[in-house]
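Notes to accompany the following structure.
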Amino acid sequence: MNILMLLFLILWAILLFGGWIFGTYNHTQVHKIPTANRMVSSAVLVSAGWLWGLSHDGNLALFIALGMTFGFLGDLFMAGLIIKGDKAVLGGMSAFGIGHIFYIIGILGTNLANMMVWIVFLVIAVVLWYGVVYRTAKQVSILHYAALPYALLLASTAGFAGGVALSNSAFILMAIGGMLFLISDLILATQLFNGVHFKGIGDVVWLTYGPAQMLIVYAIPLSVGFA
144 MNILMLLFLI
154 LWAILLFGGW
164 IFGTYNHTQV
174 HKIPTANRMV
184 SSAVLVSAGW
194 LWGLSHDGNL
204 ALFIALGMTF
214 GFLGDLFMAG
224 LIIKGDKAVL
234 GGMSAFGIGH
244 IFYIIGILGT
254 NLANMMVWIV
264 FLVIAVVLWY
274 GVVYRTAKQV
284 SILHYAALPY
294 ALLLASTAGF
304 AGGVALSNSA
314 FILMAIGGML
324 FLISDLILAT
334 QLFNGVHFKG
344 IGDVVWLTYG
354 PAQMLIVYAI
364 PLSVGFA
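By the count of this note's numbering, the sequence shown reaches residue 370 at its end, each step adding exactly one.
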């Protein structure tokens, strides 16, 4: 079991970082990491999540596996592999949002949540949503409004994990993962809603998002040495 979790982690790193190092830019200069590498790396984390979840007692591991499964579905939406256009973005946000609900339920089940830390992250999420998504919109659409509850869910994962980390150091990596997820989505939001574009922006998103998901899935296994 230890070896399988370790192999999944190594494979994930090879797919994501190897794709970035050895890949070539697509025609829009957005990313070097091939779509196949991104999707398979996400699927590997799903496999690792379920391997850990089904082999250990407690709800947290199972809720993390469920969350990662919906995260992978969100990846498929955002890559345009299920539907195209704005519906793909809305589908991706919905899937990611459901995934974060599972993360939050699992974290709250530890009974160590710190509400003040959560509130701070909610305030940060609202400010970022207003400044990056709503205030700069030329024409507000359903996607702009949907981005607010989505941002609050992401902030809740980071906030609750951060609060628990104050009492249980095993959650420090999960809290870092939650914060990286927020940073990744902030960069993605500037691309989707503000038209921000620079060479490799898609890789920046995935090089923050991928490790974010990995830390959420592997936070507890790493803290106990894959036992």
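A virtual CB, placed ideally from N, CA and C, is assigned to each residue, including glycine.
message: If I measure Cβ to Cβ from N180 and keep anything under 6 Å in the same chain, skipping five residues before and after, which residues do I get?
response: Take N180, set aside five residues on each side of it, and the residues of its chain with a beta-carbon closer than 6 Å to its own are L158, G162, in chain order.
- request: Evaluate S184 with the Cβ neighbour count: other Cβ atoms within 10 Å of its Cβ, from every protein chain shown; 16 or more gives buried, anything less gives exposed.
  value: Buried, since its Cβ has 16 or more Cβ neighbours within 10 Å.
- request: Report the residue from L358, V232, A355 whose alpha carbon sits nearest the alpha carbon of Q334.
  value: Of L358, V232, A355, the residue nearest in Cα terms is V232.
query: How is S327 classed by DSSP in three states: helix, strand or coil?
result: S327: helix per DSSP, three-state reduction.
- request: Compare the C-alpha of A313 against each of Y352, T253, S190 and name the closest.
  value: When each option's Cα is compared against that of A313, the closest is T253.
- request: State yes or no: is the C-beta of F264 within less than 8 Å of the C-beta of A298?
  value: Yes; because the gap between Cβ atoms is below 8 Å, this pair is in contact.
query: Using CA coordinates, which residue listed in Q356, A289, V187, A290 is at the minimum distance from M322?
result: Proximity to M322 across Q356, A289, V187, A290 peaks at Q356, based on C-alpha coordinates.
Alpha helix (DSSP H) segment containing D200, residue limits: Segment: none, D200 is in no alpha helix (DSSP H) and carries neither H nor E.
- prompt: Buried or exposed: where does K175 fall if 16 or more other Cβ atoms within 10 Å of its Cβ makes it buried?
  reply: With 16 or more other Cβ atoms within 10 Å, it is buried.
Alpha-carbon spacing of I244 relative to A301, whole angstroms: Put simply, the backbone Cα of I244 is about 12 Å away from that of A301.
task: Answer with buried or exposed for S190, where buried requires no fewer than 16 other C-beta atoms within 10 angstroms of its C-beta.
output: Taking a 10 Å sphere around the C-beta of S190, we find 16 or more other C-beta atoms and assign the residue as buried.
message: Suppose contacts are defined by Cβ-Cβ distances below 8 Å. Is V269 in contact with H287 by that definition?
response: Taking the C-beta atoms as reference points, H287 is found no nearer than 8 Å to V269.
message: What residue range does the alpha helix (DSSP H) around L265 cover?
response: Segment 258-271, the alpha helix (DSSP H) holding L265.
query: Exposed or buried, D229, counting other C-beta atoms within 10 Å across all chains shown (16 or more means buried)?
result: It is exposed - the Cβ of D229 has fewer than 16 other Cβ atoms within 10 Å.
- request: Could you tell me if F258 is buried or exposed, where buried requires 16 or more neighbouring beta carbons within 10 angstroms of its beta carbon?
  value: Looking at the sequence itself, residue 258 is Met, so the reference to Phe does not match. Per the 10 Å Cβ criterion, exposed.
For I207, the nearest candidate out of T167, I248, M236 (CA to CA): Comparing C-alpha distances from I207 to each of T167, I248, M236 shows the shortest one belongs to I248.
- prompt: CB-CB under 6 Å to G221, same chain, minus the five flanking residues each way: which ones, in chain order?
  reply: Per the sequence shown, the amino acid found at residue 221 is Met instead of Gly. The residues are G235.
message: Helix, strand or coil for I176? Go by DSSP, reduced to three states.
response: Collapsing the DSSP output to three states places I176 in coil.
- prompt: By Cβ distance below 8 Å, which residues in the same chain neighbour F213 in space, the five residues on each side in sequence not counted?
  reply: Same-chain partners within the cutoff: A238, F239, I241, G242, F245.
- prompt: Between G345 and the rest of its own chain, which residues show a CB-CB distance below 6 Å, the 5 nearest in sequence each way excluded?
  reply: Result list for G345: V173, H174, in chain order.
query: Is the CB-CB distance between L255 and V360 below 8 Å?
result: No, the Cβ-Cβ distance between L255 and V360 is not below 8 Å.
task: With DSSP collapsed to three states, give me the class of I244.
output: Correct three-state label for I244: helix.
query: To the nearest angstrom, how far is it from the Cα of G217 to the Cα of L309?
result: A straight-line Cα-Cα distance of about 30 Å links G217 and L309.
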